[in-house]
Amino acid sequence: MSAAKGFGLFSLEGKVFVVTGASSGIGREIARGLAAVGATVGINGRDRARLEAASKDIPKSFVLPFDVADHAAAEAALDDVVERHGRLDGIVCNAAARDRRPLEEIEPADFRALLETNLVAPFQFARIAARHMLKRGQGRIIFLTSLAGPYARPGDPAYAAAKGGLAGLMRALACDLGPRGINVNAIAPGPVLSETNKPYATDPHWTAMIERRVPLKRWGEPSDFAGAAIFLASEASRYVHGHVLFVDGGTSIQMLT
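Residue numbers for the sequence shown follow my numbering, so the first one is 1466 and each next one is one higher.
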(Lines of atoms letter the chains of each structure in order from A and count residues from 1; the text may use other names and numbers.)
(Lines give C-alpha, C1' and ligand atoms only; values in the text may rest on other atoms or scores of the structure.)
Protein backbone atom coordinates (compact mmCIF):
# COMPACT_ATOMS: atom_id res chain seq x y z
CA MET A 1 0.00 0.00 0.00
CA SER A 2 1.39 3.41 -0.95
CA ALA A 3 1.96 6.12 1.65
CA ALA A 4 -0.90 8.08 0.08
CA LYS A 5 -3.26 5.22 0.88
CA GLY A 6 -1.61 4.38 4.19
CA PHE A 7 -0.26 7.08 6.48
CA GLY A 8 -1.42 9.64 3.93
CA LEU A 9 -5.02 8.92 4.84
CA PHE A 10 -4.35 10.55 8.21
CA SER A 11 -2.82 13.73 6.79
CA LEU A 12 -4.57 17.02 7.52
CA GLU A 13 -2.14 19.09 5.49
CA GLY A 14 -3.83 22.28 4.29
CA LYS A 15 -6.86 21.77 6.56
CA VAL A 16 -8.13 24.27 9.12
CA PHE A 17 -9.66 23.06 12.39
CA VAL A 18 -10.91 24.73 15.55
CA VAL A 19 -10.75 22.99 18.94
CA THR A 20 -12.71 24.41 21.88
CA GLY A 21 -11.48 24.16 25.44
CA ALA A 22 -7.93 23.75 24.17
CA SER A 23 -5.82 25.70 26.64
CA SER A 24 -5.10 22.50 28.60
CA GLY A 25 -5.93 18.83 28.99
CA ILE A 26 -7.66 16.80 26.32
CA GLY A 27 -8.38 19.80 24.12
CA ARG A 28 -4.77 20.90 24.03
CA GLU A 29 -3.53 17.39 23.23
CA ILE A 30 -6.11 17.00 20.45
CA ALA A 31 -5.02 20.34 18.98
CA ARG A 32 -1.39 19.25 19.22
CA GLY A 33 -2.22 15.98 17.45
CA LEU A 34 -4.13 17.65 14.61
CA ALA A 35 -1.26 20.09 14.09
CA ALA A 36 1.27 17.24 14.06
CA VAL A 37 -0.40 15.78 10.97
CA GLY A 38 -0.48 19.11 9.15
CA ALA A 39 -3.58 21.03 10.24
CA THR A 40 -3.70 24.71 11.04
CA VAL A 41 -5.50 24.76 14.37
CA GLY A 42 -7.43 27.48 16.16
CA ILE A 43 -7.35 26.85 19.89
CA ASN A 44 -10.19 28.24 21.96
CA GLY A 45 -10.53 29.05 25.63
CA ARG A 46 -11.54 31.93 27.88
CA ASP A 47 -8.04 32.87 29.06
CA ARG A 48 -5.87 34.49 26.37
CA ALA A 49 -2.66 34.10 28.37
CA ARG A 50 -3.16 30.35 28.81
CA LEU A 51 -4.02 29.97 25.13
CA GLU A 52 -0.91 31.84 24.04
CA ALA A 53 1.23 29.66 26.31
CA ALA A 54 -0.34 26.51 24.84
CA SER A 55 0.02 27.82 21.28
CA LYS A 56 3.80 28.03 21.63
CA ASP A 57 3.95 24.21 21.62
CA ILE A 58 1.45 23.71 18.78
CA PRO A 59 2.80 24.44 15.29
CA LYS A 60 0.63 26.54 12.97
CA SER A 61 -1.85 27.27 15.75
CA PHE A 62 -3.63 30.52 16.52
CA VAL A 63 -5.63 31.60 19.55
CA LEU A 64 -9.39 32.18 19.75
CA PRO A 65 -10.17 33.60 23.20
CA PHE A 66 -13.92 33.55 23.84
CA ASP A 67 -16.50 31.80 26.01
CA VAL A 68 -18.28 29.07 24.02
CA ALA A 69 -21.51 29.99 25.81
CA ASP A 70 -21.29 33.46 24.23
CA HIS A 71 -22.95 32.63 20.92
CA ALA A 72 -22.26 36.01 19.31
CA ALA A 73 -18.56 35.73 20.14
CA ALA A 74 -18.44 32.16 18.81
CA GLU A 75 -20.06 33.20 15.55
CA ALA A 76 -17.70 36.15 15.12
CA ALA A 77 -14.70 33.93 15.81
CA LEU A 78 -15.62 31.30 13.22
CA ASP A 79 -16.49 33.96 10.65
CA ASP A 80 -13.05 35.48 11.24
CA VAL A 81 -11.34 32.09 10.87
CA VAL A 82 -12.92 31.62 7.45
CA GLU A 83 -12.12 35.17 6.41
CA ARG A 84 -8.45 34.86 7.41
CA HIS A 85 -7.79 31.29 6.33
CA GLY A 86 -10.26 30.91 3.50
CA ARG A 87 -11.84 27.72 4.84
CA LEU A 88 -13.03 25.73 7.83
CA ASP A 89 -12.59 21.98 7.54
CA GLY A 90 -13.67 20.86 10.97
CA ILE A 91 -14.33 21.54 14.63
CA VAL A 92 -13.77 19.61 17.83
CA CYS A 93 -16.26 20.59 20.55
CA ASN A 94 -14.36 19.79 23.72
CA ALA A 95 -15.13 22.70 26.07
CA ALA A 96 -17.35 21.64 28.97
CA ALA A 97 -18.22 22.39 32.57
CA ARG A 98 -18.51 19.91 35.45
CA ASP A 99 -20.97 19.99 38.35
CA ARG A 100 -20.88 16.86 40.50
CA ARG A 101 -23.80 17.30 42.88
CA PRO A 102 -26.70 15.02 43.80
CA LEU A 103 -30.32 15.69 42.94
CA GLU A 104 -31.09 17.26 46.32
CA GLU A 105 -28.31 19.84 45.98
CA ILE A 106 -28.38 20.92 42.36
CA GLU A 107 -30.96 23.61 41.65
CA PRO A 108 -32.81 23.99 38.32
CA ALA A 109 -30.78 27.14 37.57
CA ASP A 110 -27.53 25.18 38.00
CA PHE A 111 -28.88 22.38 35.84
CA ARG A 112 -29.77 24.84 33.09
CA ALA A 113 -26.35 26.49 33.33
CA LEU A 114 -24.60 23.16 32.79
CA LEU A 115 -26.85 22.35 29.83
CA GLU A 116 -26.07 25.78 28.36
CA THR A 117 -22.34 25.10 28.34
CA ASN A 118 -22.31 21.36 27.65
CA LEU A 119 -25.18 21.01 25.19
CA VAL A 120 -26.54 24.30 23.88
CA ALA A 121 -23.09 25.81 23.20
CA PRO A 122 -21.86 22.78 21.17
CA PHE A 123 -25.16 22.82 19.25
CA GLN A 124 -24.73 26.47 18.37
CA PHE A 125 -21.03 26.09 17.55
CA ALA A 126 -21.74 23.13 15.25
CA ARG A 127 -24.60 25.06 13.64
CA ILE A 128 -22.33 28.01 12.82
CA ALA A 129 -19.48 25.77 11.64
CA ALA A 130 -21.81 23.71 9.43
CA ARG A 131 -22.94 26.87 7.68
CA HIS A 132 -19.36 27.44 6.50
CA MET A 133 -18.59 23.79 5.72
CA LEU A 134 -21.78 23.27 3.73
CA LYS A 135 -20.61 25.89 1.24
CA ARG A 136 -17.75 23.54 0.33
CA GLY A 137 -19.77 20.35 0.69
CA GLN A 138 -17.40 18.74 3.18
CA GLY A 139 -16.27 18.88 6.78
CA ARG A 140 -15.88 17.19 10.13
CA ILE A 141 -17.72 17.79 13.40
CA ILE A 142 -16.41 15.95 16.45
CA PHE A 143 -18.03 16.16 19.88
CA LEU A 144 -16.44 15.10 23.17
CA THR A 145 -19.15 13.19 25.01
CA SER A 146 -18.50 10.90 27.98
CA LEU A 147 -19.13 7.52 29.53
CA ALA A 148 -21.44 9.54 31.76
CA GLY A 149 -23.90 9.69 28.86
CA PRO A 150 -24.86 6.01 28.46
CA TYR A 151 -23.61 4.96 31.91
CA ALA A 152 -24.73 6.84 35.02
CA ARG A 153 -23.42 6.91 38.56
CA PRO A 154 -24.99 8.24 41.77
CA GLY A 155 -24.83 11.96 42.48
CA ASP A 156 -24.25 13.23 38.95
CA PRO A 157 -27.60 13.87 37.19
CA ALA A 158 -26.81 17.15 35.40
CA TYR A 159 -23.58 16.06 33.72
CA ALA A 160 -25.02 12.70 32.66
CA ALA A 161 -28.07 14.43 31.18
CA ALA A 162 -25.95 16.94 29.26
CA LYS A 163 -23.53 14.37 27.84
CA GLY A 164 -26.33 11.96 26.96
CA GLY A 165 -28.03 14.82 25.14
CA LEU A 166 -24.80 15.63 23.31
CA ALA A 167 -24.58 12.07 21.98
CA GLY A 168 -28.17 12.38 20.77
CA LEU A 169 -27.36 15.69 19.11
CA MET A 170 -24.41 14.07 17.35
CA ARG A 171 -26.64 11.34 15.90
CA ALA A 172 -29.27 13.86 14.78
CA LEU A 173 -26.69 16.07 13.08
CA ALA A 174 -25.15 13.02 11.43
CA CYS A 175 -28.52 12.30 9.83
CA ASP A 176 -28.97 15.93 8.77
CA LEU A 177 -25.46 16.74 7.57
CA GLY A 178 -24.15 13.42 6.26
CA PRO A 179 -26.02 13.64 2.94
CA ARG A 180 -24.43 17.06 2.46
CA GLY A 181 -20.84 15.95 2.96
CA ILE A 182 -20.17 16.53 6.66
CA ASN A 183 -19.11 13.62 8.86
CA VAL A 184 -20.31 13.92 12.47
CA ASN A 185 -18.92 11.73 15.23
CA ALA A 186 -18.01 11.77 18.91
CA ILE A 187 -15.29 10.64 21.28
CA ALA A 188 -16.35 9.38 24.72
CA PRO A 189 -13.51 9.56 27.27
CA GLY A 190 -13.34 7.22 30.20
CA PRO A 191 -11.62 8.16 33.48
CA VAL A 192 -8.92 10.71 32.62
CA LEU A 193 -6.25 12.41 34.70
CA SER A 194 -7.28 15.87 33.59
CA GLU A 195 -6.48 18.89 35.75
CA THR A 196 -9.81 18.57 37.58
CA ASN A 197 -9.31 14.85 38.23
CA LYS A 198 -5.67 14.94 39.36
CA PRO A 199 -6.60 15.10 43.07
CA TYR A 200 -8.23 11.66 42.64
CA ALA A 201 -4.99 10.07 41.40
CA THR A 202 -3.77 9.44 44.94
CA ASP A 203 -7.18 8.78 46.49
CA PRO A 204 -7.28 5.13 47.67
CA HIS A 205 -10.97 4.81 46.74
CA TRP A 206 -10.37 5.96 43.18
CA THR A 207 -7.16 3.96 42.86
CA ALA A 208 -9.03 0.80 43.81
CA MET A 209 -11.89 1.63 41.46
CA ILE A 210 -9.54 2.17 38.49
CA GLU A 211 -7.83 -1.12 39.25
CA ARG A 212 -11.17 -2.92 39.45
CA ARG A 213 -13.17 -1.27 36.65
CA VAL A 214 -10.65 -0.38 33.93
CA PRO A 215 -9.27 -3.42 32.06
CA LEU A 216 -6.08 -1.51 31.19
CA LYS A 217 -5.64 -0.83 34.92
CA ARG A 218 -4.80 2.84 34.59
CA TRP A 219 -6.20 6.32 34.20
CA GLY A 220 -6.33 7.79 30.74
CA GLU A 221 -3.94 10.61 29.90
CA PRO A 222 -5.02 13.65 27.84
CA SER A 223 -2.59 12.58 25.10
CA ASP A 224 -4.49 9.27 24.70
CA PHE A 225 -7.22 11.12 22.79
CA ALA A 226 -5.12 12.72 20.06
CA GLY A 227 -5.09 9.60 17.87
CA ALA A 228 -8.85 9.18 17.98
CA ALA A 229 -9.33 12.81 16.98
CA ILE A 230 -6.83 12.53 14.12
CA PHE A 231 -8.68 9.46 12.85
CA LEU A 232 -12.11 11.09 12.97
CA ALA A 233 -10.81 14.34 11.45
CA SER A 234 -9.06 12.64 8.53
CA GLU A 235 -9.94 10.76 5.37
CA ALA A 236 -9.12 7.54 7.22
CA SER A 237 -12.60 7.76 8.78
CA ARG A 238 -14.51 8.87 5.69
CA TYR A 239 -17.11 6.09 6.13
CA VAL A 240 -17.36 6.44 9.92
CA HIS A 241 -20.45 8.49 10.68
CA GLY A 242 -22.80 8.99 13.62
CA HIS A 243 -20.47 6.97 15.83
CA VAL A 244 -19.35 7.40 19.44
CA LEU A 245 -15.75 6.18 19.74
CA PHE A 246 -15.09 5.07 23.32
CA VAL A 247 -11.57 5.85 24.48
CA ASP A 248 -11.83 4.44 27.97
CA GLY A 249 -9.27 1.71 28.56
CA GLY A 250 -12.06 -0.83 28.11
CA THR A 251 -14.20 0.48 30.97
CA SER A 252 -17.41 0.26 28.94
CA ILE A 253 -16.98 -3.42 28.01
CA GLN A 254 -16.54 -4.90 31.47
CA MET A 255 -19.45 -6.28 33.46
CA LEU A 256 -19.88 -5.72 37.19
CA THR A 257 -16.81 -6.45 39.25
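All C-beta atoms, glycine included, are put in the ideal place defined by N, C-alpha and C. These numbers come from a predicted model, not from an experiment.
- Secondary structure at GLY1507: strand, using DSSP grouped into helix, strand and coil.
- Annotated three-state conformation of ALA1693 is helix, per DSSP.
- Taking 9 angstroms as the cut-off, the beta carbon of GLY1614 is found no closer than this to the beta carbon of GLY1646.
- For ASN1648, the three-state secondary structure derived from DSSP is strand.
- Counted as a single uninterrupted DSSP element, the beta strand (DSSP E) harbouring SER1526 occupies residues 1526–1530.
- One Cα belongs to ASP1545, the other to PRO1619, and the distance between them is close to 43 angstroms.
- The beta carbon of PHE1608 sits closer than 7 angstroms to those of CYS1558, PRO1587, LEU1631, MET1635, ALA1651, all from its chain and outside the five residues before and after it, given in chain order.
- Contact between ILE1508 and PRO1654 is ruled out by a C-beta separation of about 19 angstroms, above the 8 angstroms threshold.
- In the assembly as shown, VAL1705 is an exposed residue. Its beta-carbon has fewer than 16 other beta-carbons within 10 Å.
- DSSP assignment within the region 1511–1590 yields the following whole alpha helix (DSSP H) runs of 4 residues or more, N-terminal first: 1513–1520, 1536–1550, 1573–1580.
- In the structure shown, ARG1605 falls within a strand segment according to DSSP collapsed to helix, strand and coil.
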